[in-house]
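As they're listed, the protein sequences go chains A and B.
Numbered by this note's numbering, the letters in the first sequence go through residues 684 to 797 in order.
Numbered by this note's numbering, the letters in the second sequence go through residues 7 to 121 in order.
Data first, discussion second: the structure below is written as structure tokens.
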Amino acid sequence: AQSVTQLGSHVSVSEGALVLLRCNYSSSVPPYLFWYVQYPNQGLQLLLKYTTGATLVKGINGFEAEFKKSETSFHLTKPSAHMSDAAEYFCAVRLTGANSKLTFGKGITLSVRP
Amino acid sequence: DGGITQSPKYLFRKEGQNVTLSCEQNLNHDAMYWYRQDPGQGLRLIYYSQIVNDFQKGDIAEGYSVSREKKESFPLTVTSAQKNPTAFYLCASYGFRSGSNTEAFFGQGTRLTVV
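Pasting the structure below:
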């Protein structure tokens, strides 16, 4: 079975500062990895995903994440935070086979200070 | 446009009543999921279905029921046995037959309030 760990529940950064949201996974085989963003009272929107190939993945809104197999990590970064980045962020994992279940981390709330 | 639709967006229920939340997708996805979201608790899996006429309990299935009679539809019934049903409910779907479209798509959610 796979699992996802997102350490901490809240991250606060200043506008223009680096955003780093951590995600570690546990899986018996290299999985598919995802980052989603959720704005208040809305569904989740895909930011980026890793399936195969290049381990540095670029997503929407200037976000990127790097898959590091040796560290079982998929941390999300953005060089310069914007006020509009304030939201909740979820890391998710599922195995590559058919019928595999999608598993989410508990989410991290990102606040951006002016 | 393809997508996943939840209705209604807001729902009020009296204590002791059953209520059904709708989730429809036209993405030809095999898998459909229901999650419950409470403040500070992330997404908790209620039920999921990988194929028509089959579904499995998630982590918090008590007080809920589902059906999957059609590939496009996965309604969730919140029964009177659910002790604390007030929450935000999210439906998701994904197709696992394609190697490139691996991500889940989410509906906009239904906020259920017990009055």
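Quick reminder that beta carbons are idealized off the backbone N, C-alpha and C, glycines included.
Since we're looking at a predicted model, the values are computed, not measured.
For this session: Report yes or no: is there a C-beta of chain B within less than 7 Å of the C-beta of Tyr772/A?
Result: no
For this session: Please classify Ser767/A: does DSSP put it in a helix, a strand, or coil?
Result: helix
Problem set entry | Where the beta strand (DSSP E) through Phe746/A begins and ends | Per DSSP, Phe746/A belongs to no beta strand (DSSP E) and is neither H nor E.
For this session: Return no unless some Cβ of chain B is closer than 7 Å to the Cβ of Lys751/A.
Result: no
For this session: Use the C-beta contact count for Gly691/A: other C-beta atoms within 10 angstroms, 16 or more gives buried, fewer gives exposed.
Result: exposed
Exercise. Where Phe111/B and Ser697/A are concerned, what is the direct C-alpha to C-alpha distance, given to the nearest angstrom?
Worked result: 31 Å
Exercise. Who are Ile791/A's beta bridge partners in DSSP?
Worked result: Tyr772/A
For this session: Verify whether the separation of the beta carbon atoms of Arg770/A and Tyr708/A is less than 7 Å.
Result: According to the sequence shown, residue 770/A is Ala rather than Arg. Not a contact, by the Cβ cut-off of 7 Å.
Exercise. Taking DSSP as the reference, what is the three-state secondary structure of His693/A?
Worked result: strand
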